[in-house]
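Remarks on the structure that follows.
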Amino acid sequence: MTAKATTSGTWEQDVLQAEGPVLVDFWAEWCGPCRMVAPVLDQIQSENPDKITILKLNVDENPDLAMKYQITSIPAMKVFEGGEVKTTIIGAKPKFALEQDLKPFIG
Numbered sequence: 000m001t002a003k004a005t006t007s008g009t010w011e012q013d014v015l016q017a018e019g020p021v022l023v024d025f026w027a028e029w030c031g032p033c034r035m036v037a038p039v040l041d042q043i044q045s046e047n048p049d050k051i052t053i054l055k056l057n058v059d060e061n062p063d064l065a066m067k068y069q070i071t072s073i074p075a076m077k078v079f080e081g082g083e084v085k086t087t088i089i090g091a092k093p094k095f096a097l098e099q100d101l102k103p104f105i106g
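The numbering of the sequence shown is numbering that gives the first Met the number 0, which starts it at 0 and goes up by one.
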């Protein structure tokens with residue numbers, strides 16, 4: 000299972016109006032660390048399908064959102080809940096470290 004993509008066009012519905020927490024992975028095709036963290040995020044999503052939704056946003060294709068959320072380095076992950084950013088995670092991390100960062104959302 001791979002994380003579903005979101006775009007500027009679907010952002011409002013996918014992220015801001017979503018039920019429950021949504022982790023958005025801000026990434027780009029050319030980013031090596033982004034490709035390293037993707038399977039880890041897929042694993043976390045498949046183990047916690049009812050607790051968190053994980054989406055990907057390509058910063059090259061959606062520069063407006065990258066600018067709005069001040070993405071200056073990737074991979075950057077932001078967890079949204081109720082339309083607001085609740086936490087920000089910068090850089091590729093091993094699964095254990097990501098799960099620690101996400102503990103308030105996945106328990």
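Cβ coordinates follow ideal geometry from the N, Cα and C atoms, glycine included.
Practice problem: Mind reading off the beta-carbon distance from N47 to I89? Whole number of angstroms is fine, and I expect it under 8 Å. | Solution: Mapped onto the sequence shown, residue 47 falls at position 48. Mapped onto the sequence shown, residue 89 falls at position 90. With a Cβ gap of about 21 Å, N47 and I89 do not count as contacting.
Practice problem: Alpha carbon to alpha carbon, how far is E83 from V14? Give it in angstroms, no decimals. | Solution: Stepping through the sequence shown from its first residue, residue 14 is reached at position 15. Stepping through the sequence shown from its first residue, residue 83 is reached at position 84. V14 and E83 have their alpha carbons spaced roughly 9 Å apart.
Quiz prompt | Reference V21, options I43, K94, E28, V36, closest by Cα | solution = Looking up residue 21 in the sequence shown gives position 22. Scanning I43, K94, E28, V36 for the CA closest to the CA of V21 turns up I43.
Quiz item: So what does M137 bridge to, in DSSP terms?
Solution: Given that the chain is displayed from residue 0 to residue 106, the structure contains no residue 137 and the question cannot be resolved.
Quiz item: In angstroms, rounded to a whole number, what distance separates the CA positions of V58 and L64?
Solution: Taking the first residue of the sequence shown as position 1, residue 58 is located at position 59. Taking the first residue of the sequence shown as position 1, residue 64 is located at position 65. Taking the CA atoms as reference points, V58 sits about 8 Å from L64.
Quiz item: With distances taken from CA atoms, which of K102, Q16, W29, P93 is nearest S72?
Solution: Your numbering for residue 72 matches position 73 in the sequence shown. The shortest Cα separation from S72 among K102, Q16, W29, P93 belongs to W29.
Practice problem: Might you give, ordered along the chain, the residues of its own chain that have their beta carbon closer than 6 Å to the beta carbon of A75, omitting 5 neighbours on each side? | Solution: Translated into positions along the sequence shown, residue 75 becomes position 76. Around A75: F25, I89.
Quiz item: Can A91 and K55 be called in contact, C-beta distance under 7 Å?
Solution: Against the sequence shown, residue 91 aligns to sequence position 92. Against the sequence shown, residue 55 aligns to sequence position 56. No, they are not a contact pair.
Quiz item: Just the Cα atoms here: how many angstroms apart are T87 and F79?
Solution: In the sequence shown, the residue the question calls residue 87 occupies position 88. In the sequence shown, the residue the question calls residue 79 occupies position 80. Answer to the nearest angstrom: the Cα atoms are 9 Å apart.
Exercise. Tell me where the alpha helix (DSSP H) around K55 begins and ends.
Key: Within the sequence shown, numbered from 1, the residue matching residue 55 stands at position 56. For K55, no alpha helix (DSSP H) encloses it; the enclosing beta strand (DSSP E) starts and ends at 52 to 57.
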